[in-house]
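Novice: Taking this note's numbering, the leading residue of the sequence shown gets 70, the next gets one more, and so forth. C-beta atoms are modelled at their ideal positions from N, C-alpha and C, and glycine is treated no differently. Note that the structure is predicted; figures quoted are calculated from it, not measured. Below: one structure in structure tokens.
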Amino acid sequence: MGEDIMAIWDDVIPEEDLKMFAKSKSGGKAGYGKKPAIVVVDMTYGFVDDSYPLGCSKTGWPSVHATEELLKKGRGKGVPIFFTRTGDAKTLAQRGRWKKVPSYAIEESRELDPKARQIVEEIKPLPDDVVIEKFFPSAFFSTNLASLLIFHNVDTVIVAGLVTSGCVPATVVDAFSYNFIVVVPEECVGDRGSVSHKVSLFDMNMKYADVVPLSEVIRYLHSL
């Protein structure tokens with residue numbers, strides 16, 4: 070974010086906290102590499118649409134439309150694209166200990182419309198895209214995503230998807246931990262809670278990723 074532009078989190082982060090991060094010189098720009106990939110996290114009907122327990126149309130659909138623009142530009146530049154969605158768990162052990170979020174429970178998931186796990190039509194994967202099924206927050210945990218990124222010689226991971234306070238930061242931290250440059254287009258992520266959305270963006274920007282406007286990412290992709 071430019072210093073003269075108000076960041077989305079400026080109305081929720083106390084001045085005292087900002088001073089502490091400034092003291093450590095946190096939040097500088099990491100920049101971009103030469104070989105990006107786009108990872109779209111869990112943009113399924115179950116998270117995007119109000120029809121489902123964990124869906125939030127107010128923030129989900131705008132994120133989808135922004136991601137649609139991101140993918141269009143990425144595909145035009147031959148950028149490898151990866152999607153994640155919730156895996157089809159057959160046992161409670163596969164599903165994990167999601168007791169904090171009852172809507173994730175295996176008993177309920179069997180009763181949900183199967184469409185909940187489908188990536189929304191507006192950004193549906195194309196034949197050359199990769200769809201990864203996962204059972205836990207990070208797109209990297211117990212998946213082969215890192216191996217696939219290495220195959221493509223990727224150095225920059227652009228993360229879009231849902232939600233900003235859950236699977237998105239989990240994916241961002243793991244991408245950072247694998248030594249990728251990480252970029253989060255602000256408009257391409259969303260959350261059920263406005264405060265958690267802003268705080269999570271702030272936290273990622275201070276430590277692990279550049280949280281930037283989609284227009285900046287589009288310019289970067291255009292320059293490739």
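1) Using DSSP with H/G/I as helix, E/B as strand and the rest coil, what is V145?
2) Can you tell me which of T128, S95, K276 puts its alpha carbon nearest to the alpha carbon of V232?
3) Within 10 angstroms of its Cβ, does R179 collect 16 or more other Cβ (buried), or is it exposed?
4) I want to know whether the stretch 149-160 touches the stretch 260-270 - three or more CB-CB distances under 8 angstroms.
5) One question on the structure: do S126 and V258 come within less than 8 angstroms of each other, judged by their Cβ atoms?
6) Quick check: what's the CA-CA separation for G102 versus I227?
7) Return the bridge partner residues of V110 from the DSSP annotation.
8) Excluding the 5 residues flanking V280 on each side, which residues of the same chain have their C-beta closer than 7 angstroms to its C-beta?
9) P105 and T225 look like a contact to me (Cβ under 8 angstroms); what is the Cβ gap, rounded to whole Å?
10) Give me the Cβ distance between L140 and I192, rounded to the nearest whole Å; I'm assuming they're in contact under 8 angstroms.
11) Mind checking whether S95 and K276 have CB atoms under 8 angstroms apart?
12) Going by DSSP, name the residue or residues bridged to T225.
13) Please classify I287: does DSSP put it in a helix, a strand, or coil?
14) For M75, count neighbouring Cβ atoms within 10 angstroms of its own Cβ and tell me buried if that reaches 16, exposed if not.
15) Go through its chain and collect everything with a Cβ distance to P206's Cβ below 7 angstroms, but skip five positions before and after it.
16) Using the C-alpha atoms, what's the distance from G165 back to I188?
Specialist: So, from the listed chains and residues:
1) For this step, residue 145 is matched to residue 76 along the sequence shown. Per the sequence shown, the amino acid found at residue 145 is Gly instead of Val. Looking at G145 - three-state DSSP - the assignment turns out to be helix.
2) Within the sequence shown, the letter at position 163 stands for residue 232. Among T128, S95, K276, the Cα nearest to that of V232 is on T128.
3) The residue you call residue 179 lines up with position 110 of the sequence shown. Bear in mind that a pLDDT of 45 at R179, under 50, signals an unreliable position, so the model cannot answer this.
4) no
5) Here residue 126 is taken as the residue at index 57 of the sequence shown, counted from 1. Here residue 258 is taken as the residue at index 189 of the sequence shown, counted from 1. No, the pair does not count as a contact, with Cβ atoms beyond the cut-off.
6) The count along the sequence shown starts at 1 and reaches residue 102 at position 33. The count along the sequence shown starts at 1 and reaches residue 227 at position 158. Cα to Cα, G102 sits roughly 11 angstroms from I227.
7) Residue mapping note: residue 110 aligns to position 41 of the sequence shown, counting from 1. Its beta-bridge partners are T153, G230.
8) Taking the sequence shown and counting its residues from 1, one reaches residue 280 at position 211. Taken in chain order, the residues that qualify are V253, E255, L270, M273, N274.
9) In the sequence shown, counting from the first residue as 1, residue 105 sits at position 36. In the sequence shown, counting from the first residue as 1, residue 225 sits at position 156. Rounded, the Cβ-Cβ distance is 4 angstroms, consistent with contact.
10) The count along the sequence shown starts at 1 and reaches residue 140 at position 71. The count along the sequence shown starts at 1 and reaches residue 192 at position 123. Right, the Cβ-Cβ distance comes to about 6 angstroms (below 8 angstroms), so this counts as a contact.
11) Residue numbering aside, residue 95 sits at position 26 when the sequence shown is read from its first letter. Residue numbering aside, residue 276 sits at position 207 when the sequence shown is read from its first letter. Inclusion of S95 and K276 in the CB contact set at 8 angstroms is warranted, their separation being smaller than that value.
12) Position 156 of the sequence shown, counted from the first residue, corresponds to residue 225. DSSP, once it has assigned bridges, lists P105, I250 as partnering T225.
13) Sequence index remark: in the sequence shown, residue 287 carries index 218 (1-based). The answer is helix: DSSP assigns I287 an H, G or I state.
14) Numbered from its first residue, the sequence shown carries residue 75 at position 6. Answer is exposed; the Cβ neighbour count stays below 16.
15) The residue given as residue 206 occupies position 137 in the sequence shown. Cβ neighbours of P206 beyond the five flanking positions: G235, C236, A239.
16) Counting from 1 along the sequence shown, the entry for residue 188 is found at position 119. Counting from 1 along the sequence shown, the entry for residue 165 is found at position 96. Straight-line Cα distance between these residues: approximately 22 angstroms.
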